[in-house]
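39 is the number of the first residue of the sequence shown in my numbering; add one for each residue after it.
No residue lacks a Cβ here, since even glycine has one placed at the ideal position from N, Cα and C.
Below: one structure, written as structure tokens.
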Amino acid sequence: MTDIEIAQRARLLKINEIAEKIGLTEDEYEQYGKYKAKVELSVLEKYKDKKDGKLILVTAITPTPPGEGKSTVSVGLTQAFNKFGYNSIAALREPSLGPVFGIKGGATGGGYSQVVPMEDINLHFTGDLHAITAAHNLISACIDNHLKHGNELNIDITQITWKRVLDMNDRALRDIVIGMGGKANGIPRESSFQITVASEIMAILCLSNSIPDLKEKIGNIIFGYNGKGEPLKVKDLKIEGAAAALLKEAIKPNLVQTLENTPVFIHGGPFANIAHGCNSILATKMALKLSDYVVTEAGFAADLGAEKFLDIKVRKAGLNPNAIVIVATIRALKHHGGGSDLTLENMETLKAGMANLDKHIENMQKYGIPVVVAINKFITDTEKEIGFVKEHCEKAGVKTALCEIWEKGGEGGKELVDILIDETAEEGREYKPLYELDLGIKEKITKIAMEIYGAGNVEFSDKAGKTTVKLEKLGYGNLPVCISKTQKSLSDNPALLGRPEGFTVRINEIRISAGAGFIVAMAGEIIDMPGLPKKPAAELIDIDKDGKINGLF
């Protein structure tokens, strides 16, 4: 049975019943149909003096084609907490239409550990991504309108850094020329599109603590430079209020449920390359006030999403994570060890692939937070292979749990729950960031590249070096850094599996996300507008005469 068939056979509770489960009154949420709701930000004020629950981050080893199941484990874990008598809410990211119709497919978990209604969540949901697209493109339109009507700000059209966005994979829009067709159509110039989840507006939405904070952050976006090389901000166009108004509903966390009717907040979905790859601060804080154990995840592997969660989101939100779960699968570990037929028992490739898991464990231990390994079980895994991974981790002083949550739902996560209850019981543990903010931009990038990725050296292009100097002179040197690199390797070369060492990370470009409050360092060949594969997932998706969707996953 496919994921979507399992989801469509589930017995969902009406969303008002889910809201009542977590103590919300009718005035504190707005229903979007039968099974979705927006939660009012006033809930945070109401519970401001209530002690936060425990915060558990779910991350993973380096992604592989065979898969790891990070989202599935996140959903299954919160189901398991609730099944065994604990109050838990998951706080997850929203899917983007780009991957849904591209290669990856849906992003709502799998098997008997899914969030539902999965069709709605994967397709439009409550309209958050459309609102972000509109707010972003309002700024784009106003920039070109300003150029058309006299250019009082003396905008240098060769230094406009603000692009347009679309929540779809469309490689034809990576480099375009706009304003063609004569004077009435504006000033011709080169431009491009990003996918919506790479928009700084998305990052800002996820890092804002309130509507006033959201508006201030949007106003501080640098969209380009004037003829003197001075930065120009959205507030110079006097449209930050209008852009924020478009996000009035989008800033409210979305409430849905799992297959076992466990509450879930799904809100925000920034790329884990260009941005920080985590759900919104508001959803996480709300979940912490309304439950005892909050399960959240960060995009891609621990070297990308988890590092940015810990060095950007946690720092900006003032959070203190209580545990980190690293998801691994036997078949993904064998892939990192050079295996081909991953369905067969192969201890040699498994042993070789353990180096990737080891590195991620070492990285997460740098933050002073308990680390647990979750083995996401597949039917082809043998007892010998599972036993080896467990023994290997135990020798390294890390507890492991076998997860069967894809097949059994919450029931299959009891071992992981028991370990996490024990690991999070100790009070007073304080997470420590990898670097201090007063380090120089290059120093922070180098520290991440060498300590987290395992690089032996970091090279900066002339362009990146000049931008670094410029940004530090402008007063942005004390921001955290967000390195954009491939998710397929610990290095910036997607072909290097396992645990590469001594490689050189090349920083080609430095960007400023002044509104979101971080520096973006572009490493390797990362693009912010993906393309579709030869056979996109869109070919498999269909709808019947009754409106029933199939083929999403």
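Notebook entry, point to check: On the three-state DSSP scale, how would you describe GLN152?
Noted result: Here residue 152 refers to the residue found at position 114 of the sequence shown. DSSP places GLN152 in the strand class (E or B) of the three-state scheme.
Notebook entry, point to check: Which two residues bound the contiguous alpha helix (DSSP H) that contains ASP41?
Noted result: Residue 41 sits at position 3 when you count from the first residue of the sequence shown. Counting along the chain, the alpha helix (DSSP H) containing ASP41 begins and ends at 41–46.
Next item on the list: Could you check which residue in PHE591, GLU278, ASP208, GLY149 has the C-alpha nearest to that of ILE239?
Entry: Counted from its first residue, the sequence shown places residue 239 at position 201. Here the closest residue by C-alpha is GLU278.
Notebook entry, point to check: Is THR196 near the ligand ZN, in the sense that its beta carbon is under 8 Å from a heavy atom of that ligand?
Noted result: The ligand ZN is not part of the structure shown, which contains no ligands of any sort.
Notebook entry, point to check: Roughly how many whole angstroms lie between the Cα atoms of LEU51 and ASN299?
Noted result: Within the sequence shown, the letter at position 13 stands for residue 51. Within the sequence shown, the letter at position 261 stands for residue 299. Each residue's Cα considered, the two are about 7 Å apart.
Checklist line | Extent of the continuous alpha helix (DSSP H) to which CYS431 belongs | finding: Numbered from 1 along the sequence shown, position 393 holds the residue referred to as residue 431. 421–433 is the span of the alpha helix (DSSP H), which, as asked, contains CYS431.
Margin query: Going by the DSSP bridge assignment, what does MET560 pair with across the sheet?
Written below: By one-based count along the sequence shown, residue 560 stands at place 522. Note: MET560 sits in a beta bridge opposite SER522, GLU547.
Notebook entry, point to check: With distances taken between CB atoms, is the gap from GLY265 to ASN183 smaller than 9 Å?
Noted result: Along the sequence shown, one-based indexing puts residue 265 at 227. Along the sequence shown, one-based indexing puts residue 183 at 145. When the beta-carbon positions are compared, GLY265 and ASN183 stay at least 9 Å from each other.
Check: Taking the alpha-carbon positions, what's the LYS255 to THR196 distance?
Finding: Mapped onto the sequence shown, residue 255 falls at position 217. Mapped onto the sequence shown, residue 196 falls at position 158. Distance from the CA of LYS255 to the CA of THR196, rounded to the nearest whole angstrom, comes to 24 Å.
Checklist line | Simplified DSSP assignment, three categories, for ILE60 | finding: Walking along the sequence shown from the start, residue 60 turns up at place 22. Coil at ILE60, not helix or strand.
Margin query: For ILE399, report the span of its alpha helix (DSSP H) as first-last.
Written below: If you number the sequence shown from 1, residue 399 lands on position 361. Start and end: 385–403.
Check: Would GLU335 pass as a contact of ASN317 if the rule is Cβ separation under 9 Å?
Finding: Reading the sequence shown from its first residue, position 297 is the one you call residue 335. Reading the sequence shown from its first residue, position 279 is the one you call residue 317. Yes; because the gap between Cβ atoms is below 9 Å, this pair is in contact.
Check: In terms of DSSP beta bridges, what is PRO301 paired with?
Finding: Locating residue 301 in the sequence shown gives position 263, where the first residue counts as 1. Listed as beta-bridge partners of PRO301 by DSSP are GLN295.
Check: From THR420 to ASN120, what distance separates their C-alpha atoms?
Finding: Within the sequence shown, the letter at position 382 stands for residue 420. Within the sequence shown, the letter at position 82 stands for residue 120. Going by the C-alpha atoms only, they are around 29 Å apart.
Item checked: Distance between beta carbons of ILE289 and LEU243, contact taken as under 8 Å -> The sequence position of residue 243 within the sequence shown is 205, counting from 1. The sequence position of residue 289 within the sequence shown is 251, counting from 1. The beta-carbon distance between LEU243 and ILE289, rounded to whole angstroms, is 6 Å. This is short enough to meet the 8 Å contact definition.
Notebook entry, point to check: So, is ASN495 buried or exposed, given that buried needs 16 or more other C-beta atoms within 10 angstroms?
Noted result: Walking along the sequence shown from the start, residue 495 turns up at place 457. Its Cβ having fewer than 16 others within 10 Å, ASN495 is exposed.
Next item on the list: For LEU204, write down the residues that DSSP places opposite it in a beta bridge.
Entry: On the sequence shown, residue 204 is found 166 positions in, with the first residue counted as 1. DSSP lists ILE233 as partners of LEU204.
Notebook entry, point to check: Is the region 62–79 touching the region 151–159, taking contact as three or more C-beta pairs under 8 Å?
Noted result: Counting Cβ pairs under 8 Å, three or more are found: they touch.
Checklist line | Closest by C-alpha distance to GLY217, when choosing among ALA554, LEU211, ILE225 | finding: If you number the sequence shown from 1, residue 217 lands on position 179. Closest by alpha carbon: ILE225.
Check: Tell me which same chain residues have a C-beta within less than 7 Å of the C-beta of GLY149, skipping the five on either side of it?
Finding: If you number the sequence shown from 1, residue 149 lands on position 111. Short of 7 Å from the beta carbon of GLY149, and not among the five residues preceding or following it, lie these beta carbons of its own chain, in chain order: ASP41, ILE44, THR110, TRP444, GLU445.
Check: What number of angstroms, rounded off, separates the C-alpha of LYS508 from the C-alpha of SER527?
Finding: Stepping through the sequence shown from its first residue, residue 508 is reached at position 470. Stepping through the sequence shown from its first residue, residue 527 is reached at position 489. Approximately 31 Å, taken between the alpha carbons.
Margin query: If I follow the unbroken beta strand (DSSP E) through THR97, where does it start and stop?
Written below: By 1-based counting over the sequence shown, the position of residue 97 is 59. Residues 92–98.
Note to self: For ASP530 and GLY562, which I take to be in contact (beta-carbon distance under 8 Å), what is that distance rounded to the nearest angstrom?
What the structure shows: Within the sequence shown, numbered from 1, the residue matching residue 530 stands at position 492. Within the sequence shown, numbered from 1, the residue matching residue 562 stands at position 524. Right, their Cβ atoms sit about 4 Å apart.
Notebook entry, point to check: Expressed to the nearest angstrom, what Euclidean distance is found between the alpha-carbon atoms of ALA282 and LYS327?
Noted result: Locating residue 282 in the sequence shown gives position 244, where the first residue counts as 1. Locating residue 327 in the sequence shown gives position 289, where the first residue counts as 1. Cα-Cα distance, rounded: 26 Å.
Check: Looking only at C-alpha atoms, which of LEU512, LYS286, ARG537, SER499 sits nearest to GLY492?
Finding: What you label residue 492 is simply residue 454 of the sequence shown in a count that begins at 1. Closest by alpha carbon: ARG537.
Notebook entry, point to check: Alpha carbon to alpha carbon, how far is SER653 from VAL153?
Noted result: The chain is shown from 39 up to 591; residue 653 falls before or after that span and cannot be answered.
Notebook entry, point to check: Any idea what DSSP makes of LYS273, helix, strand or coil?
Noted result: Within the sequence shown, numbered from 1, the residue matching residue 273 stands at position 235. Residue state, collapsed to three classes: helix.
Note to self: Just to confirm before moving on: does the CB-CB distance between HIS305 and CYS520 stay below 9 Å?
What the structure shows: In the sequence shown, the residue the question calls residue 305 occupies position 267. In the sequence shown, the residue the question calls residue 520 occupies position 482. No.
Margin query: Mapping the DSSP letters down to three states, classify ASP251 as helix, strand or coil.
Written below: By 1-based counting over the sequence shown, the position of residue 251 is 213. The answer is helix: DSSP assigns ASP251 an H, G or I state.
Next item on the list: Measure the C-alpha to C-alpha separation of ASP87 and PRO137 and round it to an integer number of angstroms.
Entry: As a working note, residue 87 is residue 49 in the sequence shown. As a working note, residue 137 is residue 99 in the sequence shown. Cα-Cα distance, rounded: 40 Å.
Check: With a Cβ-Cβ cutoff of 9 Å, do ILE177 and VAL332 count as a contact?
Finding: Within the sequence shown, the letter at position 139 stands for residue 177. Within the sequence shown, the letter at position 294 stands for residue 332. By the CB criterion at 9 Å, ILE177 and VAL332 fall outside the cutoff.
Check: With distances taken from CA atoms, which of LEU534, LEU270, PRO291 is nearest SER246?
Finding: Residue mapping note: residue 246 aligns to position 208 of the sequence shown, counting from 1. It is PRO291.
Notebook entry, point to check: Around the C-beta of MET385, are 16 or more other C-beta atoms found within 10 angstroms, so that it is buried, or is it exposed?
Noted result: By 1-based counting over the sequence shown, the position of residue 385 is 347. Its Cβ having fewer than 16 others within 10 Å, MET385 is exposed.
Next item on the list: Enumerate in chain order the residues of its own chain whose CB-to-CB distance from TYR469 is below 8 Å, with the five nearest sequence positions on each side excluded.
Entry: The count along the sequence shown starts at 1 and reaches residue 469 at position 431. The residues are LEU348, VAL352, ASN358, PRO359, TYR405, GLY406, ILE407.
Notebook entry, point to check: How should HIS398 be labelled, buried or exposed, when 16 other C-beta atoms within 10 angstroms of its C-beta is the threshold for buried?
Noted result: Within the sequence shown, numbered from 1, the residue matching residue 398 stands at position 360. Its Cβ being crowded by 16 or more others within 10 Å, HIS398 is buried.
Check: Looking at C-alpha atoms only, which residue of MET567, ASP580, LEU578 is the closest neighbour of SER237?
Finding: Residue mapping note: residue 237 aligns to position 199 of the sequence shown, counting from 1. Of all alpha-carbon atoms in MET567, ASP580, LEU578, the one lying nearest the alpha-carbon of SER237 is that of MET567.
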